[in-house]
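In the working numbering, the protein residues as written are 32 to 305.
Glycine residues also receive a C-beta, built at the ideal position from the N, C-alpha and C atoms.
Because the structure is a prediction, the values reported are computed rather than measured.
Shown next, in structure tokens, is the structure this report addresses.
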């Protein structure tokens, strides 16, 4: 009887051991299958994120590595305002000025490339205040449509919209140095884009009755001379270099503040002026 009981115990132990071995392969398959599923899910999420990032990427020039220059000026009623160009010594974006009346456009990150290379990005960098009806200059001068405005060019007119003082803020953009006509913008001024090297911009504060063609084009001699020089000979007012700041991790950044501009610039208010 003792032998029989011992034999039964041995048989039971052997049976239990065999049963455990029969389930082990199932556990070995489930674990790697679960890990494979996790990896595949991660790959899918990465691809989706990359797709979304690509679809939101800035389109068109200026691109990283481009180096453009444009002329800008401020026209107040009937004359240009001179010597009010800030010298941006702490450039964070690559769209800035050296106090020379030029906009230096060489983006440091994608937040100011393509459709994000706008007048608003420049204004944010040099700390000009600009809305569709108001511009505040570094010396505290404020040109505001709701203020005194500009004197009427024809005070004897029977039309009160012409005879009374008034003001309208426009951005005039000459597309090239050779262009004789300018595009005029009166809305979404911060979204007006920089589209090429050698453009000319005038922030014009004029009477609403003034024709676009009557807004004068500024002297572009300095810009012409600047563009004809090799980069190493182009003067900088403060003698500094135009190298951008080193990002902490070399990654791309978004604009420092404010909402991103629209993906397309505002429509001009008229065809190029005759």
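Residue range 191-194 is occupied by the alpha helix (DSSP H) that includes residue 194.
The DSSP-derived three-state label of residue 210 is coil.
Inclusion of residue 246 and residue 235 in the CB contact set at 8 Å is warranted, their separation being smaller than that value. Taking the Cβ atoms as the reference, residue 127 lies roughly 6 Å from residue 157, within the contact range of under 8 Å.
As the crow flies, the alpha-carbon of residue 201 is around 44 Å from that of residue 78. One alpha carbon belongs to residue 176, the other to residue 76, and they sit about 50 Å apart. In this structure, residue 98 sits away from residue 133, with a CB-CB distance that is not shorter than 8 Å. Between the beta-carbon of residue 199 and that of residue 217 there is about 6 Å, and that keeps the pair under the 8 Å contact cut. DSSP places residue 243 in the helix class (H, G or I) of the three-state scheme. Non-local C-beta neighbours of residue 164 in its own chain, meaning closer than 8 Å and more than five positions away in sequence, comprise 175, 176, 177 and 200, ordered along the chain. For residue 139, no beta strand (DSSP E) run applies, since DSSP gives it neither H nor E. If you look at residue 156, you'll find it in the alpha helix (DSSP H) that goes 150-157. Cβ neighbours of residue 74 within its own chain (closer than 8 Å, five residues either side excluded): none. Counting along the chain, the unbroken alpha helix (DSSP H) around residue 253 starts and ends at 252-258. Only residues of its own chain outside the window of five on either side were considered, and among them 149, 150, 151, 154, 161 and 292 have a CB closer than 7 Å to the CB of residue 221, listed in chain order.
Around the beta carbon of residue 209, a 10 Å sphere encloses fewer than 16 other beta carbons of the protein chains shown; the residue is thus reported as exposed.
The C-alpha of residue 96 is placed about 41 Å away from the C-alpha of residue 67.
Annotated three-state conformation of residue 170 is coil, per DSSP.
For residue 94, the number of other beta carbons within 10 angstroms of its own is below 16, and it is reported as exposed.
The continuous beta strand (DSSP E) containing residue 237 extends over residues 231-237. Buried is the label assigned to residue 144, since at least 16 other Cβ atoms lie within 10 Å of its Cβ. In this structure, the CA atom of residue 186 is about 11 Å from the CA atom of residue 197.
Apart from the 5 residues on each side of it in sequence, residue 137 sits with its Cβ closer than 6 Å to the Cβ of 98 and 125 in its chain, given in chain order.
In this structure, DSSP gives residue 71 a helical state, which the three-state scheme calls helix.
The beta-carbon distance between residue 183 and residue 238, rounded to whole angstroms, is 6 Å. This is short enough to meet the 8 Å contact definition. Between the alpha carbons of residue 141 and residue 118 lies a distance of about 23 Å. Residue 233 counts as buried, since no fewer than 16 other beta carbons sit within 10 angstroms of its beta carbon. If you look at residue 102, you'll find it in the beta strand (DSSP E) that goes 99-107. Shown here, residue 248 sits in coil according to DSSP, grouped into three states, outside any helix or strand.
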